[in-house]
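Undergrad: Going by numbering that gives the first Met the number 0, the first residue of the sequence shown is number 0, and it counts up by one from there. This is the structure I want to talk about, given as structure tokens.
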Amino acid sequence: MTDNELLHLIKMINHIADNLDYDGGETEVALKVLEHIDRFWAPSMKLKIVEYAEVDGTGLSSISKLAITSMS
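Structure follows, in structure tokens:
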């Protein structure tokens, strides 16, 4: 996966978190993000975002990080 693809994944998960952050606390929203990722993302996409979060993760929102932590 290229750097551009990784940047796209980071942007997507942060947008998903923003869009689902309309009601509830961070943990509840992170679970909604995780559910979305589990349903719609390919395993290779999930693996790449988990690896990124473990190594760097600076571009991820706090909700995105929480969702990814639950994933790994």
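Cβ atoms here follow ideal geometry from the backbone N, Cα and C, with glycine treated the same way.
1. Kindly provide the ranges of any alpha helix (DSSP H) runs that are 4 or more residues long and lie completely inside the region 4-51, ordered along the chain.
2. Give every residue of the same chain whose Cβ lies closer than 7 Å to the Cβ of residue 8, excluding the five residues on either side of it in the sequence, and list them in chain order.
3. Using CA coordinates, which residue listed in 41, 26, 1 and 58 is at the minimum distance from residue 13?
4. How long is the line joining the alpha carbons of residue 3 and residue 23, rounded to whole angstroms?
5. Do you know offhand how far residue 32's Cα is from residue 21's?
6. For residue 61, does the three-state DSSP call read helix, strand or coil?
7. Report yes if the C-beta distance between residue 35 and residue 15 is below 7 Å; otherwise report no.
TA: Judging by the given coordinates:
1. 25-39
2. Translated into the one-based positions of the sequence shown, residue 8 becomes position 9. Only 44, 47 and 48 meet the Cβ criterion.
3. For this step, residue 13 is matched to residue 14 along the sequence shown. The residue with the shortest Cα to Cα distance from residue 13 is 58.
4. Numbered from its first residue, the sequence shown carries residue 3 at position 4. Numbered from its first residue, the sequence shown carries residue 23 at position 24. Per the coordinates, the alpha-carbon of residue 3 lies some 32 Å from the alpha-carbon of residue 23.
5. Counted from its first residue, the sequence shown places residue 32 at position 33. Counted from its first residue, the sequence shown places residue 21 at position 22. Spanning the two alpha carbons is a distance of roughly 12 Å.
6. Numbered from its first residue, the sequence shown carries residue 61 at position 62. Looking at residue 61 - three-state DSSP - the assignment turns out to be helix.
7. Translated into the one-based positions of the sequence shown, residue 35 becomes position 36. Translated into the one-based positions of the sequence shown, residue 15 becomes position 16. Closer than 7 Å, so yes.
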